[in-house]
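Structure first, commentary second.
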Amino acid sequence: MTLPTTAGRLPAVSTPVRFGLARAWARRLGLLVESKPALVGTGIVLFWALAAVLAPVVAPYPPNANHLAAVAHPTPSATHWLGTDHLGRDILSRILWGARTVLTVAPLAVLGAAILGSLLGLTAGYSRGWIDLVIVRACDIVLSFPVIILYMIILAHFGSSALNIIAVLTLTKAPIITRIVRGLTIELREREYVAAAKMRGESPLYIMLVEILPNARGPLIVDMCLRTGYNVVIIGALGFLGIGLPPPDPDWGGMVKDTYGMMSVWPHMALFPCAAISSLVIGFNLLAVGLREIGLRD
Amino acid sequence: MTDPPILALDRARISYFTRAGEVNVIPDLTFALAPGEALGLVGESGCGKSTVALAIVRYLGRAGRIVSGRILFEGRDVAGLTPDELRALRGHRVAMVYQDPMASLNPVMTVGRQLMEVPMLHEGLDAGAARARALAMLAEVKLLDGQSMLARYPHQLSGGQQQRIVIAMALMAEPALLIMDEPTTGLDVTVEAAVLDLVRELRQRHGTSVLFISHNLGTVVRVCDRIGVMYAGELVEEGSIRHVFANPRHPYTRGLLACLPSLGRDKRQTPLVPIPGQVASALVRPIGCGFAARCAHVEPGRCTSQAIPVRPVAGEPGHAAQCVRAAELPPWERRRGVAGAMAERRSGEVAVRVDGLEKVYRPPRGLFGSGRAPVRALNGIDLLVTKGETLAIVGESGCGKSTLAKVLTGLETASAGRVEIGGIEVASVRVESRSRTLRRTIQMVFQNPDSTLNPSHSAGYAIGRAVRRLRRTAGGAVAREVTRLLEMVNLRADLAGRRPERLSGGQKQRVALARALAGDPDVIVADEPVSALDVSVQASILNLLNDIQAERGATLLFISHDLSVVRYLADQVAVMYLGTIVEAGQAADVFAPPFHPYTEALLSAVPVPDPDAQGDRIVLEGSLPSATEIPRGCPFTGRCPRRIGAICDDTPPPTRQVSSGHRIVCHIPAEELRELQRAGILTRHSG
């Protein structure tokens, strides 16, 4: 029956095949524009991505340069739009440069977690039995630790660098992705097309990667988006705890840590980096909400 | 019809408004329903039947709107009702029953509370009185043990019981109009028959008007007085059941009747005639007759130049058709093939041999507790399928027929017994460990068109991959082979690039069939391949299966719950009940007395699209028992209408050879069964 939901899809049926793929993408972009959360989220994320890419060009000063003249009057002014910190470093420049680190580390960590988690989740969900049991229990163990303590122990032991932060975030986030992918796999492995693949003699690896994984991508992409936002918060928190990226390179969390003691006198020093963190997190969350909305409608 | 109609559509135009603009689903619809009358609306999916039902209670969603015309319910235009009046209308004056009962019931509320809510909300009854009403209503819908039923949750009921609860809930408010949208589509034939009889009886007792929407002409005949055939949003033919079935005047009505398998048809004498093409998108509405593009009687110019008026059929009051050639069409001859006269039994090689096959599912033991009882899905199946034949396996859902298919194809392994395919023992060989040759030998076509193809891959990829894996072909040869296979299933080669979301249900099943044929198999297992399709599409897929099988001499194992389809397609039939075969033999023998009492009940439940052949039915009590507790004696004893006594409960019945190749597993001797059954069902199905 032609119900409202399917009615919206009718036009696609009559489009010629050759333009199928291009049209599908155009349609998806169209949907992105139609979902308000997705639109705003994309806007915010794009803004920060541009800021990160263009930081060397648009940042008014080098991020670590001390402007001794400003130390006495660090508040926002015409020369320093967002003011300077207690060492006279331009906050706007540091935020722009800081975006580079956070937008490299957070998505890479999510990508790592997604790859590791997908492989584990597919294996667990597809093979079931004792393999499933081992993987699920291992995930439970990792998830049962208070993560911040875990970060502190690992980073204190191995030293803090961008690479180590990525590794730690990958390891601690992968169990969550594993659970999601495992759940989807358990459902998808019962589909008839999986049975058909078995009947033509496909290997388990092929079935997992080619038959099952592509159909789990919707929820996975939404979750990756959400998790990138969480990672931004965690990277901020690590910086705040002093186990983030080593100084003096700008790091939003570290900027807050260095200056929150002066909150009562010069609140701008901590507030602007905080605002940067929040806006980026909100951006990723809205994008995730929007993608889910589109996914539901599609 | 002197009473004013309870429901009248007066030139109603209903559209959905989407990004692509107005999608006019119903262009101009006029019909009326008298008090106490039952009107059946039939047509393929996409014809606007459900839209009409939703528009009557103004439940079209945000996108849908009644653009012009009026829908009068009890004389008032529903378009002008306030939200409060609408709420009073829905559920009180008009009740609806949908296809999926589980979707209509609240899973976290007991059945009792849901039933009692109706009069408490609409009539302000107190809980005690509402409870009494609910109990009375349960008795009316023939649910025994009402007290305990009221305390149950929906998931504790079978599908048939759930649908009865939904019907009870609908009738609790004493509605003036009951709208039923495919109320029996998801149910087994035996349950469907009971529900249809119930609706008929309740309608007579309460005088409720019924608008009955269905794609199955047989069910409509059972319940309704009048029938309206819808095509592309238009009522192309309308009239009393008797008139329309005896003298269909619209080519579409004739098409629907001609593509319907029935118990009197088999593939040799009365082939099904599918309606070519499919329902056009509502976006482009042709000038003139909407059906012209698919019509065998079309006359260019006359049919396609102006709007087609609805004309009454001479001499038949109330019967009208929207066709310029209605009066010119040749007289309709109802096809009544005389079943029987079967082709000679082939005595070729044995393709599949199954011996004492058993399958027991043992639920995994939990960490604590002893685990649940094992499920005995198959209990000693014996089968012999000759090369080039079609064996149909019939039974209600849960009888183990799909498990049998899975063991044959290696998706499951047997717990005991032997399975030989082409002389190779495969009972305990999982598909992963089967050789390529063996995998090529047996391939499968699945039930659900939406899950049979991977939504992430194109049709061509699915077929091509099968060619590569099963035939070790590579390079350009694969593409040529894909094209050949697509042509074989009557699909255009350019569909290869399409993803499943842009294929229709019938096209998906054709692609799935092409994929199964890629390895050039000797045995094709088809598990309910047409049960999710429209009748017209079903007919073409059945014919295709038949042609391909005949052409290639392949063996077809056809699993189905639909006896009409089985009668049409099968050479051999095996009737399954609770993991055993209760009757097996040549199709002609199985479909003629003596029957096993279960076969007899199944046959009597089949909806027959013929108003003159509506006899009494054998209604099976209850539903298929759980496969965890197999009775000691005959598996069918708990529901058998011909049970003869304690022997049925205690002693496993003997296998009786009725004639060559025809066996019945029953305590009653075949001769006695023949005598018992001669009077009843035979008369109903001679036509």
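Sequence order for the protein chains is A and B.
So for the first sequence, the numbering used here puts the first residue at 92; every next one is plus one.
So for the second sequence, the numbering used here puts the first residue at 59; every next one is plus one.
Quick reminder that beta carbons are idealized off the backbone N, C-alpha and C, glycines included.
So which residues of chain B does residue i contact, with C-beta pairs closer than 8 Å?
i, result
"A/P358", "None at all; the shortest Cβ gap to chain B is about 47 Å."
Can you tell me whether residue i is helix, strand or coil according to DSSP?
i, result
"A/G381", "helix"
"B/K464", "helix"
"B/A769", "An answer regarding residue 769 of chain B cannot be provided, because it is not within the stretch 59 to 745 covered by chain B."
"B/H150", "coil"
"B/S618", "strand"
"A/T97", "For A/T97, the predicted structure reports a pLDDT of 36, less than 50, and the residue's modelled location is therefore unreliable. A value from the coordinates is still provided. Three-state DSSP puts A/T97 in a helix."
"B/S598", "helix"
"B/T337", "Here residue 337 of chain B is Val; the residue named in the question, Thr, does not match the sequence. Here B/V337 sits in coil by DSSP."
"B/T653", "In the sequence as displayed, the identity of residue 653 of chain B is Phe instead of Thr. Reduced to three states, the DSSP call for B/F653 is coil."
"B/L740", "Its pLDDT being 40, under 50, B/L740 is placed unreliably in this model, and the coordinates cannot settle the point."
"B/H213", "helix"
"B/E416", "strand"
"B/M238", "strand"
"B/F694", "coil"
"B/D585", "strand"
"B/Y156", "coil"
"B/E609", "helix"
"A/G335", "coil"
"B/M174", "helix"
"B/M288", "strand"
Under 7 Å between the Cβ atoms of residue i and residue j?
i, j, result
"B/L91", "B/L118", "no"
"A/A379", "A/C316", "yes"
"B/L543", "B/L496", "no"
"B/Q565", "B/F653", "no"
"B/N305", "B/W390", "yes"
"B/G764", "B/A290", "With chain B covering only 59 through 745, there is no way to say anything about residue 764 of chain B."
"B/G335", "B/R352", "yes"
"B/M167", "B/R189", "no"
"A/Y217", "A/T276", "yes"
"B/C317", "B/V331", "yes"
"B/P319", "B/S594", "no"
"A/L377", "A/V131", "yes"
"B/G276", "B/P665", "yes"
"B/M676", "B/S662", "First, the amino acid is wrong: residue 676 of chain B is Ile here, not Met. Yes."
With distances taken Cα to Cα, identify the nearest neighbour of residue i among the options.
i, options, result
"B/L600", "B/D324, B/I345, B/G335", "B/D324"
"B/R116", "B/P370, B/N437, B/E95, B/V152", "B/V152"
"B/I345", "B/Q596, B/S618, B/P85", "B/P85"
"B/G106", "B/V81, B/F303, B/G94, B/V331", "B/V81"
"A/E302", "A/Y321, A/P266, A/Y152, A/E278", "A/E278"
"B/D61", "B/L87, B/A659, B/R77, B/P93", "B/P93"
"B/L678", "B/G696, B/N604, B/V331, B/P370", "B/G696"
"B/V624", "B/V342, B/A472, B/Q644", "B/Q644"
"B/V487", "B/Q501, B/V465, B/I639, B/D708", "B/V465"
"B/G453", "B/P669, B/R261, B/V633, B/P309", "B/V633"
"A/V136", "A/R383, A/I385, A/S370, A/P266", "A/S370"
"A/P153", "A/D340, A/M353, A/L382", "A/D340"
"B/E407", "B/S473, B/A338, B/V569, B/T613", "B/T613"
"B/V382", "B/L442, B/Y310, B/Y419", "B/Y310"
"B/F303", "B/Q172, B/P669, B/S509", "B/P669"
"B/A234", "B/F131, B/L275, B/G186", "B/F131"
"B/A96", "B/P665, B/E386, B/I285", "B/I285"
Could you list which residues in chain B have their beta carbon closer than 9 Å to that of residue i, in chain order?
i, result
"A/T351", "Note on residue identity: the sequence assigns Tyr, not Thr, to residue 351 of chain A. None at all; the shortest Cβ gap to chain B is about 48 Å."
Run through chain B and tell me which residues come within less than 7 Å of residue i, C-beta to C-beta.
i, result
"A/E293", "R527"
"A/R282", "S509"
Mind listing the chain A neighbours of residue i? Cutoff is C-beta to C-beta under 9 Å, in chain order.
i, result
"B/V489", "A286, K289, M290, G292"
"B/A532", "The premise fails here: B/A532 is roughly 15 Å from chain A at the closest Cβ pair, so nothing lies under 9 Å."
Confirm the yes/no value for this check: CB of residue i, any heavy atom of the ligand HEM, distance under 6 Å.
i, result
"B/L614", "This structure simply doesn't include the ligand HEM, nor any ligand for that matter."
List the residues of chain A that residue i touches, going by C-beta distances under 8 Å, in chain order.
i, result
"B/F504", "E283, A286, A287"
Three or more C-beta pairs below 8 Å linking the stretch 195–207 of chain B and the stretch 136–144 of chain B: no
Cβ pair count under 8 Å reaching 3, the stretch 315–334 of chain A against the stretch 273–292 of chain A: no
Inter-stretch contact (C-beta, 8 Å, three-pair minimum) for the stretch 153–164 of chain B and the stretch 230–250 of chain B: yes
Three or more C-beta pairs below 8 Å linking the stretch 544–564 of chain B and the stretch 310–326 of chain A: no
Contact between the stretch 178–198 of chain A and the stretch 233–246 of chain A (3+ Cβ pairs under 8 Å): no
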